[in-house]
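Each remark here refers to the structure printed beneath this line.
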Amino acid sequence: MITTRRLTLRPAEPGDLPALHAIFSDAEVMRHWSTPPDETIDATADRLEGFMRGDRELGPELMILHEGHLIGRIGLWRKWEVGYILARAAWGKGFASEALEAITAEAFARHPDCPAITADIDPRNIGSGRVLEKAGFVVTHHEKNTFCVNGEWSDSTYYRLDRPSP
């Protein structure tokens, strides 16, 4: 578990299902995600099961809570790639930046062999780009047609945050 000034980041629990379903079934929240919105709570339950059995050695894979309420998730996978998602009501309040700062510090502390943390976003996701840049990530490159969701192709912008100097 990681705590910040306003947030608690903790592993997923079975009771997270209703709040996660509200996030992962919201078409606006999922607009720039690499999968379509969850159509059923069973689809979100499968997603939650994956979060709960995630690779804790590479992770962490954590839920984001504010004042005890689950507002999103953040995690690392694919050898140092970070991803995050927040409920629409939590947008624009600095929560993503706060969670990202905490998880990158934890990842660098936990994994001394990690040279950098990367991120991949849809370039139309201006808010997420701002979050990454505020955290010190820099754009490394762009690629066309990297994800096809519901028949629509999207591009990717790739970011990198190098390990801070000691």
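For the sequence shown, counting from 1, position 120 maps to 119 in numbering that gives the first Met the number 0; every step adds exactly one.
For glycine and all other residues, C-beta sits at the position ideal for the given N, C-alpha and C.
All figures in this text were calculated on a predicted structure; none of them were measured in a lab.
Distance CB(I73)-CB(I40) smaller than 8 Å
As a position in the sequence shown, residue 73 is number 74, starting the count at 1. As a position in the sequence shown, residue 40 is number 41, starting the count at 1. Against a cut-off of 8 Å, the Cβ pair of I40 and I73 comes out as no contact.
Anyone know if the C-beta pair for L16 and L61 falls short of 8 Å?
Along the sequence shown, one-based indexing puts residue 16 at 17. Along the sequence shown, one-based indexing puts residue 61 at 62. No, the Cβ-Cβ distance between L16 and L61 is not below 8 Å.
Got a sec, what are the start and stop residues for the alpha helix (DSSP H) S164 sits in?
Here residue 164 refers to the residue found at position 165 when the sequence shown is read from its first residue. Note, S164: premise wrong, no alpha helix (DSSP H); not H, not E.
Just grab the DSSP bridge partners of E151 for me.
Taking the first residue of the sequence shown as position 1, residue 151 is located at position 152. V148, per the DSSP bridge assignment.
Check each candidate in L8, A42, R9, E97 and name the one with the smallest Cα separation from I22.
Position 23 of the sequence shown, counted from the start, is the residue given in the question as residue 22. Sorting L8, A42, R9, E97 by C-alpha distance to the C-alpha of I22 places A42 at the top.
Quick one: is D121 buried, meaning 16 or more other Cβ sit within 10 Å of its Cβ, or exposed?
Numbered from its first residue, the sequence shown carries residue 121 at position 122. Flag for D121 reads buried.
Extent of the continuous alpha helix (DSSP H) to which R109 belongs:
Here residue 109 corresponds to residue number 110 of the sequence shown, with the count starting at 1. 94-109 is the span of the alpha helix (DSSP H), which, as asked, contains R109.
Can you give me the Cβ contacts of N149 inside the same chain, cut-off strictly under 8 Å, excluding the 5 residues immediately before and after it?
By 1-based counting over the sequence shown, the position of residue 149 is 150. For N149, where only same-chain residues beyond five positions count, the Cβ hits under 8 Å are P35.
Which same chain residues, not among the five before or five after F94, have their C-beta less than 8 Å away from its C-beta?
Residue 94 sits at position 95 when you count from the first residue of the sequence shown. Only R5, L6, I63, H65, I70, G71, L85 meet the Cβ criterion.
Please classify I116 as buried or exposed, where buried requires at least 16 other C-beta atoms within 10 Å of its C-beta.
Indexing the sequence shown from 1 puts residue 116 at position 117. Label assigned to I116: buried.
Beta-carbon separation of R123 and H31 under 8 Å?
Here the question's residue 123 lines up with position 124 in the sequence shown. Here the question's residue 31 lines up with position 32 in the sequence shown. For R123 and H31, yes; Cβs fall inside 8 Å.
Is the Cβ-Cβ distance between F50 and A11 less than 8 Å?
The sequence position of residue 50 within the sequence shown is 51, counting from 1. The sequence position of residue 11 within the sequence shown is 12, counting from 1. Cβ atoms of F50 and A11: closer than 8 Å.
Alpha-carbon to alpha-carbon, W79 and P13
Here the question's residue 13 lines up with position 14 in the sequence shown. Here the question's residue 79 lines up with position 80 in the sequence shown. P13 and W79: Cα-Cα distance of roughly 26 Å.
Alpha carbon to alpha carbon, what distance is there between M29 and E151?
Counted from its first residue, the sequence shown places residue 151 at position 152. Counted from its first residue, the sequence shown places residue 29 at position 30. Taking the straight line from one Cα to the other gives about 13 Å.
Residue burial classification, P59 (beta-carbon count within 10 angstroms, cutoff 16):
For the purposes of this step, residue 59 is taken as residue 60 along the sequence shown, with counting starting at 1. Under this definition P59 is a buried residue.
Reducing DSSP to helix, strand and coil, say where G53 ends up.
On the sequence shown, residue 53 is found 54 positions in, with the first residue counted as 1. G53: coil per DSSP, three-state reduction.
Using three-state DSSP, classify K133 as helix, strand or coil.
Position 134 of the sequence shown holds residue 133. Reduced to three states, the DSSP call for K133 is helix.
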